[in-house]
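Taken in sequence, the protein lines are chains A and B. In terms of numbering that gives the first Met the number 0, the first sequence has 65 at position 66, counting the first letter as 1, and numbering is strictly consecutive. In terms of numbering that gives the first Met the number 0, the second sequence has 152 at position 153, counting the first letter as 1, and numbering is strictly consecutive.
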Amino acid sequence: MKAKTRAFCGGYRFRNFEATPEDRLTSVGIPSTVTITLMQGFSNEVPCLVQLGDTVKAGQIIGRDDETVSSPVHASVNGKVVKMKKLAYLGNEAASITISSDGTEAWQKLEGCNARWEILTADQIEKLVYLSGASGAGRAGIPTRFKSSIIDGDKVEHVIVHGVESEMYGPLSATLLKGQRLSQFADGLRILKKMLGGAAFHVVLNAERTELIADVSGAFADNEWVCVRGLEPRYPADYDEVLVHAVLNKSMRGGHLAANVGVIVLDIQDVIQVYEAVAEGKPVIERTVAMCGRGFTDHPHARVRIGTPLEHLAAGNVRQGKNWRFLRNSALTGERFAEMTQPIDRNCDAVIAVHENDGREMFAFVRPGARKDSYSPTFLSKVFGKVLTKRGETNLHGEERPCIFCGFCDEICPAGLMPHHLFHHVERNIIDETLLRFKIYDCNECNLCAYVCPSKIPLGRYIKEGKNKLISEGLHPVRPH
Amino acid sequence: MKPVRLLLDKLYEIPALARFKPVIGAADAILYGTNETTHAAPHVVDNIDIKRYMILVIVALLPAVAAAYLSFGWRIIAIIMVSYIAGGAVEVIFAIIRKHDIHEGFLITGLIFPLVLPPTVPLWVVAVGVVFGTMFGKEMFGGTGRNIFNPALVGRLFITLAVPGIMTMYWQTPFASGPDAITSATPLTTYKSTAQAAVVNPAIVKEGTTQVLFTNPYAVKRAIHNYDSQFDGVEVYCLGGPAYKMAANHRRIGPDNAVRMVSYADLLIGKEPGSMGETFRLAVIAGGIFLIVLRISNWRIPVSYILTVLAFGAIGHFFLPAKIAPPLFQVLAGGLLFGAFFMATDPITSPFTKAGKYVFGISCGVLTVLIRSFSGYVEGVMFSIVIMNAFSPLIDQIVLRFKYRPVKA
């Protein structure tokens with residue numbers, strides 16, 4: 000099927016950055032301890048089911064709550080609960096459980112799984128998906144009768160699975176779908192189809208990976224309810240707002256989740272987890288994480304147990320001699336790992352190590368910059384972009400200055416907003432209906448405006464602050480009834 | 000460079016110099032760049048900064064500066080230095096009082112301002128103009144990013160009104176330097192004074208006519224082929240080579256009359272008098288396109304500005320040839336190209352909405368033609384841009400009202 004690949008204005012292609020992950024899969028083994036937060040992704044925190052000193056098995060449910068929107072949390076290794084404490088997690092504080100591992104790889108199978116999943120009923124499948132924790136995927140989860148998502152199963156009209164690879168650093172869809180994982184992925188989607196019978200399924204991949212698109216299309220040759228298509232890998236093409244607009248030509252009102260318009264957005268791994276849960280009885284205890292950035296000497300995709308501390312993942316793989324900043328999932332929006340002991344969680348698909356560059360550079364502003372990325376064509380990297388890789392590092396590259404209305408943020412905004420205009424309102428503390436009028440809630444917080452700003456103004460942070468202040472004044476985004 | 004680094008670090012520590020931290024910081028940042036890192040997301044940011052942004056505008060102006068140096072001699076360098084020193088002092092004083100860094104925007108004001116002055120301008124006038132422009136055009140409004148009018152134009156406007164003699168009388172002819180440098184009228188002045196005193200594109204040149212202006216070869220042809228035309232003792236002005244060739248070579252005009260030409264080619268390569276930066280128009284066009292390609296200036300304003308002058312000039316010239324000059328002449332003469340590429344595009348003082356940029360460019364074009372044709376002034380670029388600067392916030396508000404409908408309560 001031939002569809003238009005450019006579906007939104009603005010956005011930015013991060014081309015040819017250094018140390019992007021390679022098409023290779025390794026395993027980092029079982030860590031000596033894992034730390035698992037009882038809040039995973041968007042879920043509410045679940046009550047703990049184990050006590051200090053308990054012996055747990057990998058795959059055993061250690062936290063579960065069927066009353067609030069959440070999915071069960073599992074122990075990811077065999078061992079003993081050694082510590083329970085509060086941990087900073089995605090801006091909140093969440094209870095966490097530390098398990099010291101006995102080093103064995105075995106895990107506990109879910110009851111009722113069946114390699115011939117076709118004979119299972121929809122109810123049985125639903126239960127397996129919920130108990131495995133696979134239902135906690137994405138930004139809104141997969142609906143089951145156990146309240147695992149904010150949306151009801153019968154209201155799901157579309158399921159979008161994305162792997163457009165639009166981030167500066169992120170996993171390769173081809174690696175995630177290599178070999179037998181492609182057929183597992185295909186079966187995963189068929190299982191979801193059985194669960195969510197009324198929904199149409201869309202797989203959105205990088206339009207430039209024609210081979211992969213052909214392979215995936217081939218896997219769904221007999222399933223006319225799946226539509227495989229390519230999208231230009233322009234950041235933020237992997238965002239829900241952009242996907243919903245590109246695939247369904249439907250725009251989401253400001254502040255809505257995809258679920259509010261009957262859409263579930265999942266990534267490739269989420270679908271494979273569904274297959275593993277139903278056909279193999281494997282709970283979500285592992286995740287494939289792309290190791291990106293110059294801070295790592297080797298850049299494979301690593302299979303890690305959930306809760307593995309970063310130091311175990313990075314052991315022996317960190318380049319010496321420089322300071323590195325470790326980021327979770329995204330160089331533009333991700334949180335930083337404050338300590339090497341912080342764990343990998345269920346929603347992690349990339350760990351990025353970029354140079355903490357506080358070094359000064361002489362006459363930086365007149366250098367040709369063959370390896371410096373910029374939205375404006377003022378660096379030689381625009382010419383040599385295909386030959387030389389670009390550096391990703393944390394230097395601010397300039398001083399913060401007043402806004403000069405250069406219009407870069409305006410042109411690049413994928414939501415069609417005027418970030419500088421919103422910034423001026425928030426900066427002057429004008430928090431009222433005018434912000435609603437300028438569609439502040441349409442902002443999907445992709446942070447591209449702050450990326451391109453030559454005055455180095457953290458526009459994204461100001462807009463977020465504006466949203467928070469609006470909410471505290473009672474001006475919420477309009478939710479559908 | 001290590002001693003310099005050590006010196007800078009020492010300077011930071013001297014308590015007596017604490018007030019001059021902006022100056023030391025500016026030197027430091029220019030030499031060594033920044034050591035700041037991003038605090039939170041986005042962790043990796045674009046490499047462009049305001050220094051590079053501004054320095055590229057200067058690069059785009061360099062051909063025009065070089066041409067000005069070749070046409071008018073060393074004096075232009077002195078003028079630019081006076082402008083930078085006097086205006087820079089104002090910028091530094093305000094940075095010290097306000098305790099913020101020195102902003103780079105002045106690098107452009109300080110260079111654009113001398114380029115829109117006549118080459119014979121006295122140095123003290125340059126200093127007065129740039130100080131006034133920076134102080135009342137920018138700092139009084141709150142500094143970079145808050146000014147309503149283009150500071151360079153405020154300065155020029157001030158000295159146009161304060162010392163009118165200097166600004167309108169002495170226009171040095173390019174490539175003629177020395178103590179007795181020749182001065183002459185600018186092409187726009189020629190058109191205005193001639194067109195008002197004489198017949199433009201007449202079909203019959205009657206007896207008693209003293210001056211005739213032909214703007215195209217067809218007009219010449221018509222007048223020549225009408226055998227009632229009397230060319231004895233008539234001064235003939237021609238715009239462009241073809242009209243000139245036809246008039247000068249014709250046996251009824253050429254031998255007995257003074258035939259003068261304003262050549263489009265001369266306008267392009269800077270042989271006609273004008274302000275320092277605007278005469279070599281090829282350099283101005285090249286610089287303007289360079290900035291548009293680098294996305295530093297937006298194409299919408301210059302394109303709509305120039306197209307409007309072309310269109311409005313064509314219509315106006317068709318109906319009122321004695322008042323309104325032909326379109327191509329309007330575009331190439333005077334400061335239009337320089338103004339359209341380097342001053343109307345100033346992002347701070349022009350509208351930030353896309354539709355607003357078109358409105359701004361079109362209005363500037365219409366105003367320029369009107370002021371040039373119907374006012375007492377010969378040139379209208381500066382006035383039109385300053386007037387539209389004042390309207391840009393209003394234009395933006397109106398565009399935003401259409402783009403973002405008010406929310407229903």
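Using N, Cα and C, we set each Cβ at its ideal position, and we do this for glycine too. Just so we're clear, the structure is a prediction, and the values are computed from it rather than from any experiment.
- Only buried fits Ser303 (chain B), as 16 or more other CB atoms lie within 10 angstroms of its CB.
- Assignment of Ala40 (chain B) by DSSP, reduced to helix, strand and coil, places it in the coil class.
- Runs of the beta strand (DSSP E) lying entirely within the stretch 238 to 273 of chain B and spanning at least 3 residues, in chain order: 258 to 261.
- When the beta-carbon positions are compared, Leu10 (chain B) and Ile23 (chain B) come within less than 8 Å of each other.
- The criterion of a C-beta distance shorter than 8 Å is not satisfied by Val199 (chain B) and Val233 (chain B).
- One alpha carbon belongs to Ile96 (chain B), the other to Glu90 (chain B), and they sit about 10 Å apart.
- Remark: C-beta atoms of Thr214 (chain B) and Leu187 (chain B) do not approach each other more closely than 8 Å.
- Within chain B, no C-beta atom comes less than 9 Å from the C-beta of Ser148 (chain A); the nearest is roughly 26 Å away.
- Residue burial is scored here from C-beta neighbours: Phe362 (chain A) has fewer than 16 other C-beta atoms within 10 angstroms and is therefore classed as exposed.
- Taking a Cβ-Cβ threshold of 8 Å, the residues of chain A close to His102 (chain B) are Arg400, Pro401, in chain order.
- Within the model, the alpha-carbon separation for Ile29 (chain B) versus Asn91 (chain A) is close to 41 Å.
- Of all C-beta pairs linking the stretch 225 to 243 of chain A to the stretch 442 to 452 of chain A, three or more are shorter than 8 Å, placing the two stretches in contact.
- Bounds of the alpha helix (DSSP H) holding Gly217 (chain A) are 209 to 218.
- Within 7 Å of the CB of Glu166 (chain A), no CB atom of chain B is found; the nearest one sits about 11 Å away.
- Approximately 18 Å separates the beta-carbon atoms of Ser95 (chain A) and Asn77 (chain A); this is outside 8 Å, ruling out the contact.
- Put simply, the CB of Thr344 (chain B) is far from chain A, with every gap to its CB atoms at 8 Å or more.
- Taking a contact to require three or more Cβ pairs closer than 8 Å, the stretch 37 to 49 of chain A and the stretch 327 to 346 of chain A qualify as touching.
- Between Val246 (chain A) and His201 (chain A), the beta carbon gap of about 5 Å places them in contact (Cβ cut-off 8 Å).
- The beta carbon of Arg189 (chain A) lies closer than 8 Å to those of Asn222 in the same chain, with the five residues before and after it left out.
- Pairing Pro326 (chain B) with Leu309 (chain B) gives a Cβ-Cβ distance under 8 Å.
- Assignment of Thr287 (chain A) by DSSP, reduced to helix, strand and coil, places it in the strand class.
- Under the 10 Å beta carbon count, Lys281 (chain A) is surrounded by 16 or more other beta carbons and is classified as buried.
- Look at the beta carbons and you see the stretch 126 to 133 of chain A touching the stretch 264 to 283 of chain A: at least three pairs across the two are nearer than 8 Å.
- DSSP places Tyr450 (chain A) inside the alpha helix (DSSP H), whose first and last residues are 447 to 451.
- Taking C-beta atoms as the reference points, Ser391 (chain B) and Gly334 (chain B) fail to come closer than 8 Å.
- Between the alpha carbons of Gln183 (chain A) and Glu338 (chain A) lies a gap of roughly 35 Å.
- A residue is called buried once 16 or more other Cβ atoms fall within 10 Å of its Cβ, and Lys1 (chain B), having fewer, is exposed.
- Annotation: Cβ neighbours of Tyr31 (chain B) in chain A (cutoff 7 Å, chain order): Arg359, Met361.
- In this structure, A:Phe383 is the residue among A:Tyr168, A:Glu392, A:Phe383, A:Leu48 with its C-alpha nearest to the C-alpha of Pro367 (chain A).
- Annotation: the stretch 96 to 151 of chain B contains the following complete segments of the alpha helix (DSSP H) (minimum length 4 residues), in chain order: 105 to 114, 122 to 136.
- Taking the Cα positions, Ser380 (chain A) is about 13 Å away from Arg12 (chain A).
- For Lys85 (chain A), the three-state secondary structure derived from DSSP is strand.
- Burial state of Thr33 (chain B) is buried, judged by a 10 Å Cβ sphere holding 16 or more other Cβ atoms.
- Against chain B, the beta carbon of Lys385 (chain A) has no neighbour under 9 Å; the closest one sits roughly 18 Å away.
- Burial of Arg327 (chain A) is indicated by the presence of at least 16 other C-beta atoms within 10 angstroms of its C-beta.
- For Val243 (chain A), no CB of chain B lies under 8 Å from its own CB, so it is not counted at the interface with that chain.
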